[in-house]
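> Dumping the structure here so I can ask a few things about it.
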Amino acid sequence: MIEARSLTRRFGDFTAVSQVSLSVPAGSVLALLGQNGAGKTTTVRMLSALLSPTEGEAFVNGYDVRKNPDAVRACVGLVTDVPGLFEQMSVPAYLDFFGSLYGMPTSMRIRRINELLEFFELTAHIKEKMVGFSKGMKQKVALARALIHEPTVLFLDEPTSGLDPLAARSVRELILELKQTRRAIVLCTHDLDEAERLADTVAIMRQGQIVAHDTPAALRAQFSDETVVRIEFAQPCPLSLDALSTTDGLHNPQFSAATNSALENTLLTYRTPAPAQLN
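Numbering that gives the first Met the number 0 puts the first residue of the sequence shown at 0, with every later residue one more than the last.
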């Protein structure tokens, strides 16, 4: 569980985060939405005990981020917007190094490394140094690093950034799976649709403050007079998009991959000014 009360961080005369209060129970996802510079990353760094608050207090699994930063770091997994890898190492050696830092025994490290290599489809690259990896592959390694010790709290700063559609969907599925295992998750994302699909609550940040905090449906109703309609098909149906594109009153129809589908173009999303009547 994550609890923050009036969390504030100043850098000299500049206030990066001001009076942020939030709560993330176990088994739920909070999405932080906001433009670059809104204060999302600074908030996450304070909650993960990487940056001390100027004012306010925060607790992670009951540990005070000021008084017990080591205990906080031991129970959280963090993916930052910059992977920050040791690129001259191989993936197994890198993950083994971080597993040892968390005090994991050798047998547990081997098991977790094999699980993560398979999940992120990195098995074919186990002998390569990470310096030659693409951005998407580096992001996969950063996610594996965050999950190596099976943390109960996760902070994910743009975790699908740079990933191909299949890998991005796998990460989203993983987030939903981790939520079911009673983990508390904070997700920073610019993707409103991703936040709606994954988060129980959304906090919108602007200039270091939370300006709106509610469920995705409530925020959508508050800030938009349009209804979002999503239709999931068993098979790709591209002709539906052609028909909707020429229909009056339907805005921005587009296909994407459904969360639990291995097929592309199975989730149709569009907006309409009035509640849709579907037969």
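Even for Gly, the Cβ is constructed at its ideal location relative to N, Cα and C.
(1) What's the C-alpha gap between residue 120 and residue 113?
(2) Measure the alpha-carbon distance for residue 63 versus residue 71 and round it to whole angstroms.
(3) Please state the DSSP three-state secondary structure of residue 258.
(4) Quick check: residue 31 and residue 43, are their CB atoms within less than 9 Å of each other?
(5) Determine the extent of the beta strand (DSSP E) in which residue 166 is found, giving its start and end residues.
(6) Along the beta strand (DSSP E) that carries residue 138, what are the first and last residues, could you check?
(7) Terminal residues of the continuous beta strand (DSSP E) containing residue 192?
(8) Which of the three DSSP states is assigned to residue 73 in this structure?
(9) Alpha carbons only, please: which of 79, 207 and 183 is nearest the one belonging to residue 200?
(10) Using the Cβ count rule (16 or more neighbours within 10 Å means buried), how would you classify residue 19?
(11) Taking its Cβ as the centre, do 16 or more other Cβ atoms sit within 10 Å of residue 189, making it buried, or is it exposed?
(12) Rounded to a whole number of angstroms, what is the C-alpha to C-alpha distance between residue 0 and residue 147?
(13) So, at 6 Å on beta carbons, what are the nonlocal neighbours of residue 144 in its own chain, with the 5 sequence-adjacent residues on each side left out?
(14) So the beta strand (DSSP E) residue 201 belongs to, where does it begin and stop?
(15) Of all the options 8, 230 and 196, which has the alpha carbon lying nearest to the alpha carbon of residue 29?
(16) Evaluate residue 40 with the Cβ neighbour count: other Cβ atoms within 10 Å of its Cβ, from every protein chain shown; 16 or more gives buried, anything less gives exposed.
(17) Is DSSP giving residue 18 helix, strand or coil here?
(18) At a cut-off of 8 Å, is residue 85 close to the ligand NAP when judged by its beta-carbon and the heavy atoms of the ligand?
(19) Where does residue 232 sit, in a helix, a strand or coil, going by DSSP?
(20) Kindly indicate which three-state DSSP category residue 65 falls into: helix, strand or coil?
(21) Distance, Cα to Cα, residue 175 vs residue 14?
(22) Report the partner residues of residue 27 according to the DSSP bridge assignment.
(23) How about residue 77 and residue 154: are their beta carbons less than 9 Å apart?
(24) Whole angstroms is fine: what's the gap from residue 122's alpha carbon to residue 219's?
(25) Under a three-way DSSP split, which group does residue 3 fall into?
(26) Would you grab the beta carbon distance between residue 2 and residue 22 for me? Rounded to a whole angstrom, and I think it's under 8 Å.
(27) Leaving out the 5 sequence neighbours to the left and right, which residues in its chain are closer than 8 Å to residue 128 when beta-carbon positions are compared?
(28) On a CA-only basis, which of 12, 178 and 11 is nearest residue 152? Give me that one, please.
Working from what's here:
(1) Rounded to whole angstroms, the separation of the alpha carbons of residue 113 and residue 120 is 10 Å.
(2) If I take the Cα positions, the gap works out to 8 Å.
(3) For residue 258, the pLDDT reaches just 47, beneath the cut-off of 50, and the residue's location in the model is therefore unreliable, although a value from the coordinates is still provided. DSSP places residue 258 outside both helix and strand once states are collapsed to three, so it counts as coil.
(4) For residue 31 and residue 43, yes; Cβs fall inside 9 Å.
(5) Counting along the chain, residue 166 falls outside any beta strand (DSSP E), though it belongs to the alpha helix (DSSP H) covering 164-179.
(6) Run containing residue 138: none in the beta strand (DSSP E); it sits in the alpha helix (DSSP H), 134-146.
(7) Per DSSP, residue 192 belongs to no beta strand (DSSP E); it is in the alpha helix (DSSP H), 191-197.
(8) Residue state, collapsed to three classes: helix.
(9) The candidate whose alpha carbon is nearest that of residue 200 is 183.
(10) Per the 10 Å Cβ criterion, buried.
(11) With fewer than 16 other beta carbons inside 10 angstroms of its own, residue 189 counts as exposed.
(12) Rounded to whole angstroms, the gap between the alpha carbons of residue 0 and residue 147 is 20 Å.
(13) Around residue 144: 97.
(14) Segment 200-205, the beta strand (DSSP E) holding residue 201.
(15) Residue nearest to residue 29 within the set 8, 230 and 196 is 196 (criterion: CA-CA distance).
(16) The residue is buried, with at least 16 neighbouring Cβ atoms inside 10 Å.
(17) Correct three-state label for residue 18: strand.
(18) Within the structure as shown, the ligand NAP is missing, as the structure has no ligands at all.
(19) Under the three-state reduction of DSSP, residue 232 is assigned to coil, being neither helix nor strand.
(20) It is coil, neither helix nor strand.
(21) Rounded to whole angstroms, residue 175 to residue 14 spans 34 Å at the Cα level.
(22) According to DSSP, which records beta bridges pairwise, residue 27 is partnered with 183.
(23) Contact annotation: residue 77 and residue 154 have beta-carbon atoms nearer than 9 Å.
(24) Approximately 41 Å, taken between the alpha carbons.
(25) Under the three-state reduction of DSSP output, residue 3 falls in the strand class.
(26) Correct: roughly 5 Å between the Cβ atoms.
(27) Hits under 8 Å: 86, 87, 88 and 89.
(28) Nearest C-alpha to residue 152: 178.
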